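Residue numbers (my numbering): 271 to 581. From the three backbone atoms N, C-alpha and C, an ideal C-beta is built for every residue, glycine too. Predicted model only: the values in this text are computed from it and were never measured. Notes for the one structure printed next.
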Ligand SMILES: NC(=O)c1ccc[n+]([C@@H]2O[C@H](COP(=O)([O-])OP(=O)(O)OC[C@H]3O[C@@H](n4cnc5c(N)ncnc54)[C@H](OP(=O)(O)O)[C@@H]3O)[C@@H](O)[C@H]2O)c1
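Below you can see the structure in the form of structure tokens.
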């Protein structure tokens, strides 16, 4: 089968299409004929080599979520799955390929009404949006700021905060046009990356996809909660602890959230509802062989929503 591998960490040119042996579904697994694979910010961090400490090696196939059709099942899996359209979480990688093996607990039957290209923008993003807001103990009537809202995680979070009854859904984004599109998805206020815009000064909840030195701790209201769900701009500032203590009298909370911590049963229900109820924003559909071009666009900051690779 054809797959895209990281031949060299660094620039998108290090991605290449190779011929690999077809994977085989083991016990509790299914083999998916991939129709679409999402290109996520996390894939970009891995390809750049920013996550080298986690043990990624050359030859790694990126891609954390796919949609397609079950081609075969491993031991212990109902053969009735064969031929069913599915969305599947492949983990940290394995999705940029003609075929992917996934464990059954990470497979969701895909309703006919949901196209494969849309499914791979929604399944994981909805999980992070939903449980990121839960980690922040978000409640209806509170104000929310989504920092780095123009990617698939942020877009899902904006929709979920609006639907959850937030009094304010502010976003940071890099252009007025992106702000306009985010307003169509539920944002009520738009700030630039520095936090300047028409939104309030302080927020009950900040969901931060970006981290890095621009973390907006000083924009939290009293008893405010900031949850870091991504690290597009690297780790948070080294003086985070000191800043938290300097704001001691505001009783602030800073937390991280990883979907790895959500129990399997709870994950499936949220994946299913995300696929059915969230609006998908597909920036562009490219063939699998153009994965490097997809990553070039991600590096250039041109993507609103998600690029999808099709097989
Ligand atoms: N928590 C979890 O379980 C989980 C699961 C999956 C992925 N992740 C993480 O989520 C992140 C990717 O999410 P994504 O795909 O939605 O993100 P993305 O598309 O890579 O980036 C989101 C937005 O951040 C803004 N941005 C980029 N650089 C910035 C900077 N220096 N300062 C301020 N804003 C900046 C950009 O929008 P503008 O140009 O409009 O500002 C960009 O569209 C990765 O860190 C990944 O590891 C976490």
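Taking Cβ to Cβ, would you say residue i is nearer than 8 Å to residue j?
i, j, result
"residue 426", "residue 469", "no"
"residue 564", "residue 579", "yes"
"residue 360", "residue 334", "yes"
"residue 402", "residue 499", "yes"
"residue 377", "residue 300", "yes"
"residue 419", "residue 441", "yes"
"residue 332", "residue 316", "yes"
"residue 379", "residue 356", "yes"
"residue 367", "residue 501", "no"
"residue 374", "residue 352", "no"
"residue 581", "residue 558", "yes"
"residue 271", "residue 290", "yes"
Considering just the uninterrupted stretch of the beta strand (DSSP E) at residue i, what are its terminal residues?
i, result
"residue 401", "Per DSSP, residue 401 belongs to no beta strand (DSSP E); it is in the alpha helix (DSSP H), 386-405."
"residue 438", "438-442"
"residue 526", "523-526"
"residue 303", "299-309"
"residue 369", "369-373"
Under DSSP, the alpha helix (DSSP H) around residue i begins and ends at which residues?
i, result
"residue 546", "534-547"
"residue 576", "Residue 576 -> not in any alpha helix (DSSP H); beta strand (DSSP E) instead, spanning 576-580."
"residue 569", "561-569"
"residue 458", "Element bounds for residue 458: n/a, residue is neither H nor E."
"residue 475", "From DSSP, residue 475 is part of no alpha helix (DSSP H) but of the beta strand (DSSP E) over 473-478."
"residue 582", "This structure leaves residue 582 out entirely; the chain is present only between 271 and 581."
"residue 429", "422-433"
Quick check on the burial criterion: 16 or more other C-beta atoms within 10 angstroms. Buried or exposed for residue i?
i, result
"residue 519", "exposed"
"residue 278", "exposed"
"residue 283", "exposed"
"residue 492", "exposed"
"residue 394", "buried"
"residue 381", "exposed"
"residue 413", "buried"
"residue 560", "buried"
"residue 324", "exposed"
"residue 573", "buried"
"residue 313", "buried"
"residue 431", "buried"
"residue 495", "buried"
"residue 541", "buried"
"residue 446", "exposed"
"residue 350", "exposed"
"residue 295", "buried"
"residue 306", "buried"
"residue 539", "exposed"
"residue 280", "exposed"
"residue 372", "buried"
"residue 288", "exposed"
Residue i and residue j look like a contact to me (Cβ under 8 Å); what is the Cβ gap, rounded to whole Å?
i, j, result
"residue 457", "residue 479", "At roughly 14 Å, the Cβ-Cβ gap does not stay under 8 Å, so residue 457 and residue 479 are not in contact."
"residue 460", "residue 477", "The Cβ separation is near 16 Å, so there is no contact."
"residue 524", "residue 510", "7 Å"
"residue 406", "residue 304", "That pair is no contact at about 34 Å."
"residue 508", "residue 490", "In fact, because the Cβ distance is near 19 Å, the residues do not count as touching under 8 Å."
"residue 340", "residue 354", "5 Å"
"residue 330", "residue 275", "6 Å"
"residue 345", "residue 297", "4 Å"
"residue 487", "residue 517", "7 Å"
Can you give me the Cβ contacts of residue i inside the same chain, cut-off strictly under 8 Å, excluding the 5 residues immediately before and after it?
i, result
"residue 411", "435, 436 and 437"
"residue 444", "420, 462, 463 and 571"
"residue 567", "553, 554, 573 and 577"
"residue 521", "492 and 493"
"residue 529", "394, 397, 398, 401 and 537"
"residue 526", "497, 498 and 499"
"residue 515", "none"
Keeping to the same chain, check which residues put their C-beta closer than 6 Å to that of residue i; ignore five residues upstream and five downstream.
i, result
"residue 392", "544, 545, 548 and 550"
"residue 370", "302, 304, 336, 360 and 364"
"residue 483", "507"
"residue 504", "482"
"residue 513", "487"
"residue 532", "401"
"residue 408", "475"
By Cβ distance below 7 Å, which residues in the same chain neighbour residue i in space, the five residues on each side in sequence not counted?
i, result
"residue 552", "387, 388, 391, 575, 576 and 578"
"residue 455", "425, 428, 429 and 549"
"residue 467", "459, 460 and 461"
"residue 321", "315"
"residue 535", "none"
"residue 465", "442, 486 and 489"
"residue 451", "574"
"residue 448", "420 and 574"
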